[in-house]
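Below is one structure; the comments refer to it alone.
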Amino acid sequence: MPINTNYLSGLKIKAEKAMEKKAALGPDIDISRYTQSGERRRVESLEDLSHQMKEAAVMAGMNIKEELRSGSYMQVDRSVVYESLNKAYEGQLEIMNITDALEKYDWLEDYYWKALPVDHDKYTAQVELNLTHGYFIRVFPHQKPQFPVQSCLLVAENHISQNVHNMIIVEEGAELQVITGCTLAEEEAEGVHLGVSEFYVKKGGKLFFTMIHNWAENFHVRPRTGAIIEEEGSLVNNYVMLKPVKSIQAFPVAYLKGDMASAKFNTVVYGLRDSYVDLGAKIILEGENTRGESIARTIAADESVIYARGDLVAKTKGYCLAHLDCRGIVFSKKAKIFAIPELVSEGAVKAELSHEASIGPIAEEQVEYLMSRGISREDAVSAITTGFLNLDIPYIPDFLDKNIKEVIKATAEDAL
Amino acid sequence: MQDMLKVQDLWVSVDSRQVLKGVNFSMKFGETHTLFGPNGAGKTSFMMTVMGFPKYRVEQGKIYFKGEDITAKDIHERAQLGLGISFQRPPTVRGVTLRKIIEIISGNGSHEEAISENVKTLNLSGHLDRGLNDGFSGGEMKRSELLQLMVQKPDMVLIDEPESGVDIENIALVGEAINALLGKARVKDPSRGALIITHTGYILDYVNADKGYIIIDGNFVCGGNPRDILSEIKKHGYRRCIECR
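For the record, the sequence lines run as chains A and B.
The first sequence runs 59 to 474 under the working numbering.
The second sequence runs 904 to 1148 under the working numbering.
Put into structure tokens, the structure is as follows:
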């Protein structure tokens, strides 16, 4: 049964009122400049995508042959072109686009726009009013598919706004890994990607989510993410961006509602050219014995500007433990990093919150140490920088590691 | 026979402070020499200068390695020519694992069997996936340094206080590793040489040194049998050396 239309109408009214509401952070985007693309046909297999699209999808973490994956979702511009569930995992999880999910499940009223408000800013409003799908992934209670679900949100046309609403539900005692790649088919493309993501992790569930962003110099990106984690549930959220972007601003929020819930954010950002990057993570510790951690590794090269934020907010009456670890390296004299940690305790007398933030160059002592083993200066810098960015994220293809090295080689000359 | 290392009238400063004052030194291929001296005398400065660390500024003099003038060469070039160093206190490099550095030094996986044998012998299997020297104990650092050098296979190795921070039990292991590194476990290898700084002399129980020197206030003041020198230092300290300059 479809979701209640009155509920949807209410959301739309709220969204319309927020259409002029600027975001609190990041440069304002005139979204009226961007239009919608035409519908595209579905493909039978990911192999049927154009060479250019396949290449972009692979670089964003997609496995075209769908090896070591439990399912796949692929969207190009406004069109869902591929949805598939590996037969071995039927009955364990479901994958579809959000539009179909809203048609299928009336109970989505309990989830749709419940992890973040539709009127948060004009970007969330735009997603609701001009929705262009997004994925819906649900893993059934106590199911633990061995391999990750992969999804790719690709922009192929110029001057468009891709407005997706994604939702992941990990039911009680279930576990799920998701790799999402958001990318462009053409590097020159100008446009905007607005991505709302709502994650729900039920009691004892585990969600391991990895997002790889490959944008380009003329592209604006405004992800909006909210996660609600119940008792003993856990979320690990990895974010990797190693390519330039015109501007990106995101500040995902995880609400640790249940006792013993946990959230961990790992963020790896390499700022290139004149990228404007404003990223962070907020963890709200509401349940007792909750744990949160946010680790950010940022490198600012060329003329990039990076804001690395982290907020820990303790609200629990009981014990909670959370830590922010934010480190940055500035590679270029024209680049900037702002590390902005914030710890808040709202009467949480037993909360232990801590942070360490540092910005510094690559230690010359470390470079010389590696050089004394017969390694060239360039290779020593590359090894140290790659190591700095390496957060050991499983299921990320080897090429990402290679990609990091190539980017570093191209930009590290200014580093020392 | 040609000198493996030859240093002529070497004057070196660190942040405008003179640390070496006209050092002359040479050693033949295949020899192992030891260096004694009080704290701050210039032992480590001498090693770091020979290895080419830019903080140690050569104001005057020349350094020749295997007949080639290396005075202007950078650290990496000297290492490529066959010089290696074991640090007294190596820096921590968090993101680079011991496994990774071994892979890079060995050229990505060559001689894997020999490497894994050395890892086992040096009791470092549990450290391969940790950041270099990250939380390593004194002994673990020394063993890690020697493992890296075993893979690097330098013709001449500079070893700064191999026994510092190492418990008695592990000194034998470190000593044997140095011997293996120098190819002297069985028959003397004429192609490998070593210069070892030692404070306590414990390492001399394991490593057969040919000659010893004392360095005082930035200069070599005397040389001779390393065991005799050590015994003299143990009896009288460095007082007599200072007096006899």
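For each residue, glycine too, the CB sits at the ideal point set by N, CA and C.
Distance CB(residue i)-CB(residue j) smaller than 8 angstroms
i                      : j                      : result
residue 327 (chain A)  : residue 337 (chain A)  : yes
residue 908 (chain B)  : residue 953 (chain B)  : yes
residue 388 (chain A)  : residue 395 (chain A)  : yes
residue 238 (chain A)  : residue 209 (chain A)  : yes
residue 921 (chain B)  : residue 1121 (chain B) : yes
residue 1042 (chain B) : residue 1078 (chain B) : no
residue 257 (chain A)  : residue 265 (chain A)  : yes
residue 69 (chain A)   : residue 133 (chain A)  : no
residue 1059 (chain B) : residue 1096 (chain B) : yes
residue 153 (chain A)  : residue 129 (chain A)  : yes
residue 259 (chain A)  : residue 288 (chain A)  : yes
residue 201 (chain A)  : residue 126 (chain A)  : no
residue 360 (chain A)  : residue 332 (chain A)  : yes
residue 240 (chain A)  : residue 253 (chain A)  : yes
residue 1018 (chain B) : residue 1065 (chain B) : no
residue 199 (chain A)  : residue 234 (chain A)  : no
residue 1034 (chain B) : residue 998 (chain B)  : yes
residue 228 (chain A)  : residue 206 (chain A)  : no
residue 187 (chain A)  : residue 60 (chain A)   : no
residue 322 (chain A)  : residue 351 (chain A)  : yes
Beta-carbon neighbours of residue i, restricted to chain B and to distances below 7 angstroms
i                     : result
residue 446 (chain A) : 998
residue 432 (chain A) : 979, 982, 983, 1008, 1055
residue 427 (chain A) : 993, 994, 996
residue 423 (chain A) : 994
Other residues of its chain near residue i: CB distance less than 6 angstroms, five sequence neighbours each side excluded
i                      : result
residue 35 (chain A)   : Any answer about residue 35 (chain A) is impossible in this case: the structure gives chain A only from 59 up to 474.
residue 95 (chain A)   : 135, 136, 215, 218
residue 369 (chain A)  : 340, 400
residue 310 (chain A)  : 283, 339
residue 1109 (chain B) : 1078
residue 342 (chain A)  : 313, 371
residue 299 (chain A)  : 271, 327
Own chain, CB closer than 7 angstroms to residue i, minus 5 neighbours either side, in chain order
i                      : result
residue 1132 (chain B) : 939, 1115, 1117
residue 993 (chain B)  : 1036, 1044, 1048
residue 411 (chain A)  : 370, 372, 380, 401, 403
residue 376 (chain A)  : 346, 347, 408
Helix, strand or coil at residue i according to DSSP, with G and I counted as helix
i                      : result
residue 1009 (chain B) : helix
residue 401 (chain A)  : strand
residue 1029 (chain B) : helix
residue 963 (chain B)  : strand
residue 1085 (chain B) : coil
residue 1139 (chain B) : helix
residue 921 (chain B)  : strand
residue 395 (chain A)  : strand
residue 193 (chain A)  : strand
residue 1073 (chain B) : helix
residue 435 (chain A)  : helix
residue 996 (chain B)  : strand
residue 953 (chain B)  : helix
residue 149 (chain A)  : coil
residue 1022 (chain B) : helix
residue 87 (chain A)   : coil
residue 981 (chain B)  : helix
residue 933 (chain B)  : coil
residue 62 (chain A)   : coil
residue 330 (chain A)  : coil
residue 230 (chain A)  : coil
Proximal chain A residues relative to residue i, where beta-carbon distance stays under 9 angstroms
i                      : result
residue 991 (chain B)  : Residues of chain A passing the Cβ test: none, with the nearest at roughly 12 angstroms.
residue 1106 (chain B) : Chain A residues near residue 1106 (chain B): none, gap ~21 angstroms exceeds 9 angstroms.
Contacts that residue i makes with chain A (C-beta to C-beta distance below 8 angstroms)
i                      : result
residue 1051 (chain B) : 431
residue 1003 (chain B) : 441, 445
Neighbouring residues, chain B, relative to residue i (Cβ below 8 angstroms)
i                     : result
residue 442 (chain A) : 996, 998, 999
Close Cβ partners of residue i (< 8 angstroms) along its chain, the five nearest in sequence each way excluded
i                      : result
residue 1030 (chain B) : 1001, 1039, 1043, 1047
residue 1026 (chain B) : 1046, 1076
residue 74 (chain A)   : 183, 187
Where residue i meets chain B, residues with beta-carbon distance less than 9 angstroms
i                     : result
residue 435 (chain A) : 977, 978, 979
Per-residue contacts from residue i into chain A (C-beta, under 7 angstroms)
i                     : result
residue 988 (chain B) : 430
If contact means a Cβ-Cβ distance below 9 angstroms, which residues of the segment 937 to 962 of chain B contact chain E? This model lacks chain E altogether, as its protein chains are A and B.
If contact is defined by three or more beta carbon pairs under 8 angstroms, each pair taking one atom from either stretch, is the segment 167 to 182 of chain A in contact with the segment 74 to 92 of chain A? Judged by Cβ distances under 8 angstroms, the segment 74 to 92 of chain A makes contact with the segment 167 to 182 of chain A, as three or more pairs qualify.
For the segment 242 to 250 of chain A and the segment 149 to 165 of chain A, state whether three or more C-beta atom pairs, one from each stretch, are separated by less than 8 angstroms. No, the segment 242 to 250 of chain A is not in contact with the segment 149 to 165 of chain A.
With contact counted as at least three CB pairs below 8 angstroms, one residue from each stretch, are the segment 356 to 366 of chain A and the segment 310 to 318 of chain A in contact? Below 8 angstroms, too few C-beta pairs join the segment 356 to 366 of chain A and the segment 310 to 318 of chain A to call them touching: fewer than three.
Meets three-Cβ-pair contact criterion under 8 angstroms: the segment 266 to 276 of chain A and the segment 117 to 125 of chain A: Segments in contact, yes.
May I ask you to verify whether the segment 428 to 436 of chain A touches the segment 979 to 995 of chain B, counting CB pairs closer than 8 angstroms and requiring at least 3? Contact check between the segment 428 to 436 of chain A and the segment 979 to 995 of chain B: three or more CB pairs, one atom from each, fall below 8 angstroms, which counts as touching.
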